[in-house]
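Here the sequence shown stands for residues 382 to 850, where the numbers follow our numbering.
Even glycine gets a Cβ: it sits at the ideal position worked out from N, Cα and C.
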Amino acid sequence: FGSSLARRRGWEPGAPLYPIWMRGPVMFAQGWWTSCSSLCKAPEKDPLLACPRPWLKVELSKKQEEAAEVVLDEKQKLVVDSLIPIHVHPDFRIYDIKVAGDNRLQRGLQQYHNICREHVGLLVTTSCFSTWLKARKTNGSAKLIPAIPSSSGNLSDITRSPLSDCHGKAVRVFFFDDNINLHLGGSSDIDGICNLRDVSTGAYVNFSAGENGFEVDHAYQHTVIHHSTQYRNTLVQANILDAMANTDYFLSIIKRYSEPGEKLIVFFDVNGTLLWDDTVSNKGMAEVLLSTMFRFTEVRPREPCDFSWEGRPPVRLEKQVTLRQLVSEISNKDSEYYARFWNQDTCSRFLQELSAQADLGWLNDRSSLTQESFLKTYQEYLRQLHEHVSEDGITNSWGQVWDYLRNDGHLAVLNSFGIDTHRVVARSVPDGRQVLYITIDYNLWGQKDLLKWSSIFERHTDRSQKTRV
């Protein structure tokens with residue numbers, strides 16, 4: 382993190398600092414743990430399990446070592462003892478948290494939240510795609526996001542409640558994901574990717590507009606935001622077009638909905654939020670751009686009609702639908718045909734034929750959009766894509782918000798179902814082994830997901846020479 386942060390934690394200039402697992406205000410060095418107010422010798426077992434709050438690696442004087450004593454309260458022990466190590470690669474710290482099944486959700490949620498609120502820097506979470514798929518990709522079984530009540534209720538000691546970190550700073554949570562589907566609402570049974578759970582009770586928190594204090598707001602051209610007066614949570618239906626065109630995209634939203642002195646936990650999806658090209662779908666930058674623009678463009682039929690395309694069975698147009706939804710209906714689960722569709726020539730012809738039967742327009746914008754203006758916007762976005770996206774497909778707006786979060790003692794959580802988190806890690810820290818990895822319900826993953834995910838660690842090489850964002 383740098384010596385400036387260490388000095389804020391009470392360390393004198395000149396002490397060598399080396400970032401490791403970033404779990405909170407305790408530091409590990411040569412078999413010893415230390416915090417701002419006390420020191421404790423690390424037990425013989427795995428130090429990550431033994432102490433829940435390592436921040437920086439430091440050298441301790443002999444006098445400090447002699448004064449050291451074990452300081453671990455029962456609450457800390459409860460949290461770390463329940464973590465399940467995943468032995469994929471000896472150089473990486475990987476732990477599983479179970480939330481599926483009877484009586485596991487609340488405990489798993491609290492474990493996860495305790496880890497997040499006592500960390501700074503970067504943490505990677507891989508959620509369980511199988512569970513989400515089994516629940517038909519609905520919110521109630523999607524990515525686990527802690528909901529932080531605005532008041533402590535019966536939790537009288539704010540410094541020890543889930544509402545604050547170990548320094549007594551109030552915790553605020555952000556979640557950026559392009560698949561939240563805020564326009565559909567925020568109940569547990571709708572298509573979505575946000576499993577928002579109250580950290581005190583484990584109950585699902587409906588984040589629909591008008592529920593639990595949530596209100597709707599908008600930012601830039603395509604971004605939708607739900608923020609609450611009853612919970613310290615801000616949910617952002619992120620848009621890669623906005624994130625690419627504006628380098629302050631994430632940071633401006635965070636500053637808009639946070640207050641000075643808070644500890645921020647910011648969850649980021651990867652594909653379609655931080656990362657342009659999606660290796661899961663095997664699409665490159667230009668194809669992802671077209672697919673994304675189709676997702677945020679509405680088809681508005683002038684009257685009910687049938688639309689036919691390239692000899693495939695006609696699709697009935699009776700109500701507003703996005704261009705991408707229409708392409709999906711025409712493809713009718715033909716994945717090869719769907720993949721071939723995403724090129725400029727095909728999309729241009731598609732818009733031309735469709736315009737004869739329906740109007741087009743951006744979501745949340747009632748003005749019309751012509752084929753010519755769509756393609757002109759596409760070319761402009763494509764130009765910005767090459768100017769504002771790194772060679773790894775990561776938007777420059779990630780670099781700016783990552784610098785802010787790590788330098789100010791906050792936490793960024795990469796939360797994904799896929800394997801592309803490693804690309805962001807490689808561009809953000811000198812060595813991926815510095816990062817703590819959390820899996821959710823690892824035992825329920827599908828075999829294909831397990832093999833792909835494990836291969837990332839098996840291919841690990843030291844990236845210490847790689848240029849950081």
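Handout entry: Which listed residue (814, 792, 807) has its alpha carbon closest to that of residue 499
Key = 792
Exercise for the section: Evaluate the contact criterion for the region 486-503 versus the region 823-834: three or more CB pairs, one atom per stretch, below 8 Å. Expected result: no
Exercise for the section: Report yes if the CB atom of residue 628 is closer than 8 Å to the CB atom of residue 778, and no otherwise. Expected result: yes
Exercise for the section: Would you mind giving the Cβ-Cβ distance between residue 589 and residue 567, rounded to the nearest angstrom? I have them listed as a contact below 8 Å. Expected result: 4 Å
Practice task
Might you give, ordered along the chain, the residues of its own chain that have their beta carbon closer than 7 Å to the beta carbon of residue 735, omitting 5 neighbours on each side?
Solution key: 680, 688
Handout entry: Completely contained beta strand (DSSP E) runs for the region 668-736, where each covers 3 or more residues
Key = 678-682, 686-688, 696-698
Practice task
Check whether the Cβ atoms of residue 575 and residue 620 sit closer than 8 Å, and answer yes or no.
Solution key: no
Practice task
Please confirm whether residue 690 and residue 755 have their CB atoms less than 8 Å apart.
Solution key: no
Problem - Range covered by the alpha helix (DSSP H) that runs through residue 864 - result: The question about residue 864 has no answer, for the chain in this structure spans 382 to 850.
Practice task
Report the three-state DSSP secondary structure of residue 469 (helix, strand or coil).
Solution key: coil
Handout entry: Backbone secondary structure at residue 601 - three-state DSSP
Key = coil
Exercise for the section: To the nearest angstrom, report how far apart residue 803 and residue 496 are at their CA atoms. Expected result: 20 Å
Problem - DSSP state of residue 479 mapped onto helix, strand, coil - result: coil
Exercise for the section: Determine the contact status of residue 559 and residue 623, defining contact as a CB-CB distance below 8 Å. Expected result: no
Handout entry: Per-residue burial, residue 714 [other beta carbons within 10 Å of its own, 16 or more giving buried]
Key = exposed
Exercise for the section: Keeping to the same chain, check which residues put their C-beta closer than 8 Å to that of residue 599; ignore five residues upstream and five downstream. Expected result: 605, 606, 745
Exercise for the section: Over the uninterrupted alpha helix (DSSP H) stretch that includes residue 780, give me the two end residues. Expected result: 777-788
Handout entry: residue 793, DSSP secondary structure in three states
Key = strand
Problem - residue 824 and residue 506 closer than 8 Å at C-beta - result: no
Practice task
Starting from the Cα of residue 581, find the closest Cα among 728, 603, 532 and give me that residue.
Solution key: 532
Exercise for the section: Put residue 549 into one of helix, strand or coil per three-state DSSP. Expected result: coil
Practice task
Look at residue 838 and residue 508 and say whether their C-beta atoms are less than 8 Å apart.
Solution key: no
Exercise for the section: Count the other CB atoms, across all protein chains shown, that sit within 10 Å of the CB of residue 564; report buried if there are 16 or more and exposed otherwise. Expected result: exposed
Practice task
List the DSSP bridge partners of residue 609.
Solution key: 595
Exercise for the section: Give the DSSP-derived three-state secondary structure of residue 742 in the structure shown. Expected result: strand
Practice task
Could you tell me which of 670, 636, 723 sits nearest to residue 760, measuring between CA atoms?
Solution key: 670
Problem - Residues of its chain near residue 762, where Cβ-Cβ distance is below 8 Å and the 5 sequence neighbours each way are ignored - result: 622, 625, 626, 670, 674
Handout entry: N- and C-terminal bounds of the beta strand (DSSP E) containing residue 505
Key = 502-507
Exercise for the section: Provide the residue span of the alpha helix (DSSP H) that contains residue 517, from first to last. Expected result: From DSSP, residue 517 is part of no alpha helix (DSSP H); its letter is neither H nor E.
Exercise for the section: Check residue 637 in the structure and name its three-state DSSP category. Expected result: helix
Exercise for the section: Have a look at 468, 510, 474, 503 and flag the residue whose alpha-carbon is nearest the alpha-carbon of residue 821. Expected result: 510
Practice task
Using the Cα positions of residue 529 and residue 709, report the straight-line distance between them to the nearest angstrom.
Solution key: 37 Å
Practice task
Out of 703, 725, 613, state which residue places its alpha-carbon closest to the alpha-carbon of residue 741.
Solution key: 703
Exercise for the section: Taking all protein chains shown into account, decide if residue 494 is buried (16 or more other Cβ within 10 angstroms of its Cβ) or exposed. Expected result: buried
Problem - Helix, strand or coil at residue 623 [DSSP, three-state] - result: helix
Problem - Spatial neighbours of residue 569 in its chain, beta-carbon cut-off 6 Å, leaving aside the 5 residues before and after - result: 520, 521, 585
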